[in-house]
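Just so we're on the same page, my numbering is the position in the sequence shown counted from 1, plus 16.
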Amino acid sequence: MNLIADLLDLILPEHCAGCGAAPVLLCDACALPLQGPARPARTAFEGLPPPWTVTAYEGPLRAILAAYKEHGRTALAVPLGAALATAVQAALTPHHLSSPNTPGAHLGHDPPSLVWVPSRRGATRRRGHDTLRGLADVAAQRLRTAGVPVTPVDALRQRVRVADQAALTAAERTANLEGALDVTPHAELAGRTVVLVDDVVTTGASLTEAARALREAGADLLGTATIAATPRRRGSSKRGGARAGWFW
Ligand SMILES: [Zn+2]
17 MNLIADLLDL
27 ILPEHCAGCG
37 AAPVLLCDAC
47 ALPLQGPARP
57 ARTAFEGLPP
67 PWTVTAYEGP
77 LRAILAAYKE
87 HGRTALAVPL
97 GAALATAVQA
107 ALTPHHLSSP
117 NTPGAHLGHD
127 PPSLVWVPSR
137 RGATRRRGHD
147 TLRGLADVAA
157 QRLRTAGVPV
167 TPVDALRQRV
177 RVADQAALTA
187 AERTANLEGA
197 LDVTPHAELA
207 GRTVVLVDDV
217 VTTGASLTEA
227 ARALREAGAD
237 LLGTATIAAT
247 PRRRGSSKRG
257 GARAGWFW
């Protein structure tokens with residue numbers, strides 16, 4: 017994150033990252049969908065609890081995430097990380113961890129780890145920042161302030177180079193990612209509680225592969241959380257084309 021660029025983007029932004037209109041980082045209308053409550057995604061994926069998510073991946077949010085990830089507007093980590101915090105808190109609620117009065121109840125003394133799906137190899141260098149780490153850090157900070165202790169842990173890494181997922185069908189995505197991730201040796205997740213996070217859930221393939229790696233390392237996966245889920249497209253087939261999968 018470039019602090020000076022972020023400050024400039026906050027004080028003298030050229031245009032809203034969502035709609036391009038008002039000279040603010042994010043105008044009220046574009047920020048609104050990020051400020052709602054979390055709910056579980058409508059579609060479940062084999063072996064994985066439905067991710068908690070805050071909004072649909074459509075409209076201005078597509079531009080906002082692209083501005084954050086690809087166009088260097090890293091100050092957007094704040095509103096995006098806040099939305100992720102809402103989803104993480106919802107994922108923790110069934111485990112009685114979200115109340116300030118019962119910190120860590122039922123699950124020992126260690127706060128849950130917040131583990132994010134890693135970017136593809138080379139993406140972090142190209143972008144100049146680790147996009148998911150930035151969101152997880154903001155989310156953890158907000159949750160800690162609200163009395164919900166979570167620790168961001170850089171636990172997952174790409175084992176193999178995988179193809180860009182964008183053009184693949186749901187089944188192809190799953191095959192593409194099989195065995196793609198593993199847990200870094202220093203992460204020590206055995207017996208630890210984990211909430212797995214990503215920015216957008218599209219087919220669930222990335223979350224499923226990350227969950228497999230975490231469980232294989234002995235982690236206790238409490239739930240998954242994303243900022244957004246892809247909406248159901250009109251006419252998308254039940255068998256699942258490239259765009260089908262997880263629905264808002
Ligand atoms: Zn706007």
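The C-beta atom is built at its ideal place from N, Cα and C for all residues, glycine as well.
Opposing strand residues paired with residue i [DSSP bridges]
{"i": "Ala245", "result": "Ala72 and Val217"}
{"i": "Leu55", "result": "It should be noted that the sequence gives Arg, not Leu, for residue 55. According to DSSP, Arg55 bridges with Thr69."}
{"i": "Pro168", "result": "Leu130"}
{"i": "Arg173", "result": "Asp198"}
{"i": "Phe61", "result": "Leu64"}
Residue i versus residue j: straight-line alpha-carbon distance, rounded
{"i": "Leu223", "j": "Ala60", "result": "12 angstroms"}
{"i": "Ala258", "j": "Ile243", "result": "In this prediction, Ala258 has a pLDDT of 42, which is less than 50 and means its spatial position is unreliable; nothing more can be read from the coordinates."}
{"i": "Val104", "j": "Ala227", "result": "15 angstroms"}
{"i": "Ala235", "j": "Leu100", "result": "21 angstroms"}
{"i": "Val211", "j": "Glu86", "result": "25 angstroms"}
{"i": "Ala33", "j": "Leu48", "result": "13 angstroms"}
{"i": "Gly120", "j": "Leu50", "result": "Caution applies to Gly120, whose pLDDT of 45 falls short of 50 and renders its modelled position unreliable; the value that the coordinates give is listed next. Computed Cα separation, rounded: 27 angstroms."}
{"i": "Ala57", "j": "Ala152", "result": "20 angstroms"}
{"i": "Arg137", "j": "Tyr84", "result": "18 angstroms"}
{"i": "Arg255", "j": "Thr109", "result": "Unreliable placement is indicated for Arg255, whose pLDDT of 48 sits below 50; no coordinate value is reported for it."}
{"i": "Val133", "j": "Ala38", "result": "33 angstroms"}
{"i": "Gly150", "j": "Thr167", "result": "13 angstroms"}
{"i": "Asn18", "j": "Thr90", "result": "8 angstroms"}
Element boundaries [beta strand (DSSP E), containing residue i]
{"i": "Val154", "result": "No beta strand (DSSP E) contains Val154, which is instead part of the alpha helix (DSSP H) from Thr147 to Thr161."}
{"i": "Gln105", "result": "No beta strand (DSSP E) contains Gln105, which is instead part of the alpha helix (DSSP H) from Ala93 to Leu108."}
{"i": "Leu130", "result": "Ser129 to Trp132"}
{"i": "Arg142", "result": "Run containing Arg142: none in the beta strand (DSSP E); it sits in the alpha helix (DSSP H), Ala139 to Arg143."}
{"i": "Asp198", "result": "Leu197 to Val199"}
Residue from the options with nearest C-alpha to residue i
{"i": "Gly195", "options": "Glu232, Gly239, Val169 and Ala182", "result": "Glu232"}
{"i": "Pro201", "options": "Leu230, Ala155 and Val104", "result": "Leu230"}
{"i": "Pro76", "options": "Arg58, Glu62 and Leu96", "result": "Leu96"}
{"i": "Thr240", "options": "Ala37, Gly34, Ala54 and Cys46", "result": "Ala54"}
{"i": "Glu204", "options": "Val131, Leu148 and Thr161", "result": "Val131"}
{"i": "Val176", "options": "Val70, Val164, Asn192 and Thr161", "result": "Asn192"}
{"i": "Ala183", "options": "Arg248, Pro29 and Thr219", "result": "Thr219"}
{"i": "Gln174", "options": "Pro65, Ala221, Ala72 and Leu197", "result": "Leu197"}
{"i": "Asp215", "options": "Leu26, Ala45, Ala82 and Asp25", "result": "Ala82"}
{"i": "Thr209", "options": "Cys43, Asp44 and Asp126", "result": "Asp126"}
{"i": "Trp264", "options": "His145, Thr167 and Glu74", "result": "Glu74"}
{"i": "Ala98", "options": "Val133, Leu92, Ala155 and Cys46", "result": "Ala155"}
{"i": "Gly207", "options": "His111, Leu64, Leu237 and Gly52", "result": "Leu237"}
{"i": "Ala106", "options": "Trp68, Ala139 and Arg143", "result": "Trp68"}
Terminal residues of the alpha helix (DSSP H) in which residue i lies
{"i": "Leu19", "result": "Leu19 to Ile27"}
{"i": "Thr190", "result": "Ala186 to Leu193"}
{"i": "Cys46", "result": "Asp44 to Ala47"}
Contact test: residue i Cβ vs ligand 2 heavy atom, cutoff 6 angstroms
{"i": "Leu238", "result": "Absence of ligand 2 is noted for the structure shown, with ligand 1 being the only ligands found."}
For ligand 1, residues whose Cβ lies under 7 angstroms from any non-hydrogen atom: With the cut-off at 7 angstroms, the residues found are Cys32, Gly34, Cys35, Ala37, Ala38, Leu42, Cys43, Ala45, Cys46 and Pro76.
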